[in-house]
Amino acid sequence: MNFKSIMFFVVLLSCLLVSKAEKVEVVVEGATSIAQTDEDFICVTLDWWPTNKCDYDQCPRFIYLDDLKNKIIEKAVKAFHPLRIRVGGSLQDQVVYNVRNNIENCQPFQKQDKGFLFGFSIGCLDMKRWDELNEFFNQTRAKVTFGLNALIGRTESKTEKTLWVGDWYSHNARDLMSYTISKGYKIDSYELGNELCGLGVSAKIEAKQYAKDMATLKNLVKEMYPNPKTQPKILGPGGFYDKKWFDTFLDASGHDVIDGVTHHIYNLGPGNNPDVVRRVQDPFFLTQIAQTFKDVSNAIDKFAPWSGAWVSESGGAYNSGGQLVSYTFAFGFWYLDQLGMTSIYNHKVYCRQALTGGNYALLNTTTFVPNPDYYSALLWHKIMGSKVLSVTHKGSPYLRVYSHCSKKELGVSFVFINLSKNTSFEIDLFQDLNLNGGSPNFEFKGHKEREEYHLTPKDGNILSSVLLLNGTPLELSDSLEIPELNPKLVDGLKPINIVAHSIAFVTIRDFNAPACF
């Protein structure tokens, strides 16, 4: 054991002694899985916002096209092998595609005070820029979801404010698909529209009309991509859940039209809310959103069981994220809890807003050095498999625990989130293999060393943007390489220790869970 390892465990022991330790029995039901995610569950967004998008007198710069040539961004995306990227956001319904070079003065978004959504003009995507974007996607082996303009061809209602009426005009999307196919660019999925469902944000479409347009998109994709094996998935509606609207939309959509039912989450409130840092540490607040995830999953089971639930955009706090919070260690409490919770409710993909741009970015907005949640996302992608297991305990609600079958290799993996600033937890694991209930749980004692990844903030400050893995700061190498995320090997007979205000990923290779065989 080297000096750094010795010092880490000295610090870990001192934290356990200073903070109050609480023993917790965690029970894993490993006989069957309770849900399943996509293998590439982790997803990030690239937003259309221009660089002069500001909130609360703060302008956290969004991505320039030239930024995609930055080596740190390239290596950060490549590290996932692959990373899902969703291109879209608020302005996607104001984007036209200049495929035929028939749009005069093809310009990016410009600030406009009146007559346009979100205070920006119509934006134009020329094919040179589309080529450059796809060059980046190809180099990084990203899986791409592209958000299509769903307002094109419609007009605003003369009788109802913010309602847009008429059929979706698919010809511009057809041109873009045709060009994309001719160049050999791969698109994993197309999503129609952004935040136009329910009450909408700046605009809305009625549910039955939206269902009709989804069928139009499905037929277009079938025509343009006739091979079912390479046919992109169809996603929608990409907005905030409204039970009546979603039920009507799914019921009217038709069999096998929608492959992914997408919705958005910003449950922490506005980015300038000083309460954000408290909310990400409050287990009672964090749990409130669970009903939404369950309702979306239930709606799919009832109306569209052939599809799956996606969170296609989630930044926690809207309007560019929580100031002084979203790029720090503390935000990992919310983010990893979201990943765990959506997995339980059978969501297939979770897209974090954003790769870069805004306070909620996974990469620093100026240097592109990874923020703490980048490493949390990478660890999840590396360790947590697609099969979700039921895990429970009767201890403090400030201890959040999620479990999946391990990724690629046999075993069971856990995420432990300690929201308490004063209490550490000593975990003993128990197996529940009984399908019918009534039998005692069996305490698990591992005979192999387990793999532990303990995440803590620098100097114990949860508002730090420096993340420590097993006591060592995660930093880029001199050649700007993403650091290796290596575990500590721990005697499997010992309890799992989770210090106050920390997060831990743990993999146990000899945990007997039949669901994972």
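Going by mature numbering (1 follows the signal peptide of the UniProt record, and there is no 0), the letters in the sequence shown line up with residues -21 to -1, 1 to 496, in that order.
Positions of the beta carbon are idealized from the N, C-alpha and C atoms, including for glycine.
All figures in this text were calculated on a predicted structure; none of them were measured in a lab.
Here the alpha carbon of phenylalanine 272 sits roughly 32 Å from the alpha carbon of lysine 54. In this structure the region 240 to 253 lies against the region 294 to 305, because at least three pairs of beta carbons, one per stretch, are closer than 8 Å. For histidine 480, no beta strand (DSSP E) run applies, since DSSP gives it neither H nor E. About 6 Å separates the CB atoms of alanine 278 and leucine 229; that is less than 8 Å, so the two are in contact.
For the options Lys2, Phe125, Gln15, Asp226, the alpha carbon positioned closest to that of asparagine 325 is the one of Gln15.
Distance from the CA of glutamine 73 to the CA of phenylalanine 395, rounded to the nearest whole angstrom, comes to 42 Å. The continuous stretches of alpha helix (DSSP H) do not include proline 349, and DSSP gives it neither H nor E. Linking valine 485 to serine 385 through their CA atoms gives a straight-line distance of about 10 Å.
In the structure shown, arginine 257 adopts helical secondary structure according to DSSP, grouped into three states. DSSP places glutamate 405 in the strand class (E or B) of the three-state scheme. A Cβ-Cβ distance of about 6 Å is found for the pair leucine 446 and leucine 434, placing them in contact under the 8 Å criterion. Straight-line spacing of the CA atoms in glutamate 185 and lysine 191 works out to 10 Å. By alpha-carbon distance to tyrosine 354, the top candidate from Tyr432, Asn338, Lys50, Asn476 is Tyr432. Here alanine 121 carries a coil assignment [DSSP, helix/strand/coil]. Take glutamate 430, set aside five residues on each side of it, and the residues of its chain with a beta-carbon closer than 6 Å to its own are Pro466, Thr486, in chain order. Rounded to whole angstroms, the separation of the alpha carbons of asparagine 350 and serine 444 is 6 Å. In terms of Cα proximity to leucine 175, the closest of Tyr158, Thr141, Asn206 is Thr141.
With a minimum length of 3 residues, the unbroken runs of beta strand (DSSP E) contained wholly in the region 393 to 474 fall at 402 to 410, 429 to 436, 446 to 448, 467 to 469. Here the region 363 to 373 does not lie against the region 451 to 460, with fewer than 3 beta-carbon pairs under 8 Å apart. Using a Cβ distance threshold of 9 Å, glycine 177 and lysine 212 do not count as a contacting pair. A residue is called buried once 16 or more other Cβ atoms fall within 10 Å of its Cβ, and threonine 266, having fewer, is exposed. The beta carbon of phenylalanine 347 is closer than 7 Å to those of Asn49, Ile51, Ile52, Thr335 in its chain, skipping five residues each way along the sequence.
Under the 10 Å beta carbon count, histidine 372 is surrounded by 16 or more other beta carbons and is classified as buried. Distance from the CA atom of lysine 57 to the CA atom of aspartate 352, rounded to whole angstroms, is 16 Å.
Short of 6 Å from the beta carbon of isoleucine 101, and not among the five residues preceding or following it, lie these beta carbons of its own chain, in chain order: Gln73. The residue among Cys22, Lys281, Glu8, Gly9 with its C-alpha nearest the C-alpha of alanine 340 is Cys22.
Between cysteine 33 and valine 75, the CB-CB gap reaches or exceeds 9 Å. Just measuring C-alpha positions, the residue of Gly337, Lys427, Ile13, Lys187 sitting nearest tryptophan 28 is Gly337.
Sequence-distant partners of arginine 63 (beyond 5 residues in either direction) whose C-beta falls short of 6 Å from its own C-beta, in its chain, are Asp19, Cys22, Lys122.
Rounded to whole angstroms, aspartate 489 and aspartate 411 show a C-alpha spacing of 15 Å. Look at alanine 58 here: in three-state DSSP terms it is coil, with no helix or strand label. Glycine 126 has Glu170 as its beta-bridge partners, per DSSP.
With respect to the C-alpha of histidine 426, the residue from Phe393, Leu464, Pro474 having the closest C-alpha is Pro474.
Every beta strand (DSSP E) of 3 residues or more that sits fully in the region 60 to 101 is shown, in chain order, as 63 to 67, 74 to 77. Taking the C-beta atoms as reference points, glycine 67 is found no nearer than 9 Å to glycine 9.
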